[in-house]
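Trainee: Handing you this structure, nothing more for now.
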Amino acid sequence: MKDKESSRKRKRATNTKKHTKKPQNHQQQPPPRIPSKSQNQKDSTFDDQQTPSNPAKLSKPSSFLDKMKARLSGGHFRMINEKLYTCTGNEALNYFQEDPALFDMYHTGYQEQMLHWPDQPVNIIIKWLKDHNPSLVVADFGCGDARLAKNVKNRVFSFDLVSNDPAVIACDMSNVPLGSSSVDVAVFCLSLMGTNFPSYLQEAHRVLKPSGWLLIAEVKSRFDPNNGGADPNKFSKAICDLGFTSELKNFSNKMFILLHFKKKEKLSSTAKEIEWPELKPCLYKRR
Ligand SMILES: C[S@@+](CC[C@H](N)C(=O)[O-])C[C@H]1O[C@@H](n2cnc3c(N)ncnc32)[C@H](O)[C@@H]1O
Numbered sequence: 002m003k004d005k006e007s008s009r010k011r012k013r014a015t016n017t018k019k020h021t022k023k024p025q026n027h028q029q030q031p032p033p034r035i036p037s038k039s040q041n042q043k044d045s046t047f048d049d050q051q052t053p054s055n056p057a058k059l060s061k062p063s064s065f066l067d068k069m070k071a072r073l074s075g076g077h078f079r080m081i082n083e084k085l086y087t088c089t090g091n092e093a094l095n096y097f098q099e100d101p102a103l104f105d106m107y108h109t110g111y112q113e114q115m116l117h118w119p120d121q122p123v124n125i126i127i128k129w130l131k132d133h134n135p136s137l138v139v140a141d142f143g144c145g146d147a148r149l150a151k152n153v154k155n156r157v158f159s160f161d162l163v164s165n166d167p168a169v170i171a172c173d174m175s176n177v178p179l180g181s182s183s184v185d186v187a188v189f190c191l192s193l194m195g196t197n198f199p200s201y202l203q204e205a206h207r208v209l210k211p212s213g214w215l216l217i218a219e220v221k222s223r224f225d226p227n228n229g230g231a232d233p234n235k236f237s238k239a240i241c242d243l244g245f246t247s248e249l250k251n252f253s254n255k256m257f258i259l260l261h262f263k264k265k266e267k268l269s270s271t272a273k274e275i276e277w278p279e280l281k282p283c284l285y286k287r288r
């Protein structure tokens, strides 16, 4: 009996030893690992847009945080972008009115994406305007940061869903505060985003003077019928049926197409049903 009792006591003592935490000896801890060159390279693929040029910066904890923030904001951009391509203009207006910070988030991401485009379509349109008479009055539908208005001598009415600039008029561009036949040029630079895009083109037709110009720059992949995109000829025909003549189709750029139309002097008396092709959303890749 005594033997059993003493063996139980011994067992308890060894168990307690097993579970007792050793006091930490910090001096014996291995030193923190400094990322080697190959680890730095691996990190840079995490989000190569954010890789600092100085590798020493990578060892600072803030660079990891910066990368996390960049990743998060890239995700937010893609989410907002997809929303804009899959809802109506009015829904997009309400979306941004509820949280105007989303608009800034979208535009930060959009500018980041555009850095990877060899040419900016807005610069091609700016050049077109500079080559024409500066007295032409322009309406920029979906103007973004109003770069167009800031770079030409023309009088420009700039419209977007949110206004962060006194020069920009906040509205849904299917209903702009301009009189009928009041402008010479209507511009849509990558802005035919809403599912109701035909109503934006109808509005441009309303505000354009007879013989006024309609200039469209759109993402090329949206007009690639082999890849689910619209047939550009059907799109062009629909615009002509709205009351325009086609003046230019330029597919030479890798990233965007350029289409120019002129508003017909006289509208045909027989209004016909216009067959608009669907325009697929332009979704940006994670970089
Ligand atoms: C891709 S960005 C292009 C901005 C500018 N045109 C450029 O080329 O830099 C498209 C812009 O169209 C605006 N947009 C989209 N739908 C709109 C609508 N229904 N009414 C007004 N603006 C709209 C978006 O808010 C966004 O600023």
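In this text, residue positions in the sequence shown follow the working numbering: the first is 2, and each later residue adds one.
We put the beta carbon where it would ideally sit given N, CA and C, even for glycine.
Which residues mark the beginning and the end of the beta strand (DSSP E) in which Lys264 is found?
Mentor: Element bounds for Lys264: Phe257 to Lys264.
Trainee: Would you please state the rounded distance, in angstroms, between the beta carbons of Leu259 and Gly244? I believe it to be under 8 angstroms.
Mentor: So it is not a contact: roughly 20 angstroms between Cβ atoms.
Trainee: Whose C-beta lies closer than 7 angstroms to the C-beta of Leu94 among residues of the same chain, with five residues either side of it excluded?
Mentor: Correct list, in chain order: Leu162 and Asp173.
Trainee: Unbroken beta strand (DSSP E) runs of length 3 or more, entirely within the segment 213-280: which are they?
Mentor: Runs of the beta strand (DSSP E) inside the segment 213-280: 245-251 and 257-264.
Trainee: Can you tell me whether DSSP reads Leu137 as helix, strand or coil?
Mentor: Three-state DSSP puts Leu137 in coil, outside helix and strand.
Trainee: Taking the straight line between their C-alpha atoms, what separation do you get for Leu249 and Lys68?
Mentor: Straight-line Cα distance between these residues: approximately 43 angstroms.
Trainee: Measure the C-alpha to C-alpha separation of Leu103 and Asp120 and round it to an integer number of angstroms.
Mentor: Cα-Cα distance, rounded: 26 angstroms.
Trainee: Who pairs with Asp161 in a beta bridge, going by DSSP?
Mentor: Answer is Ala171, bridged to Asp161.
Trainee: Around the C-beta of Glu219, are 16 or more other C-beta atoms found within 10 angstroms, so that it is buried, or is it exposed?
Mentor: So Glu219 counts as buried.
Trainee: Taking 8 angstroms as the CB-CB cut-off, is Ala168 touching chain C?
Mentor: No chain C is part of this structure, which consists of one protein chain only.
Trainee: According to DSSP, is Val208 helix, strand or coil?
Mentor: In this structure, Val208 counts as helix in the three-state DSSP scheme.
Trainee: If you count every other CB in all the chains shown that lies within 10 Å of the CB of Ser182, and 16 or more means buried, which is it?
Mentor: By the neighbour-count rule (16 or more Cβ atoms within 10 Å), Ser182 is not buried but exposed.
Trainee: If we count the other Cβ atoms within 10 Å of its Cβ and call it buried at 16 or more, is Met194 buried or exposed?
Mentor: Label assigned to Met194: buried.
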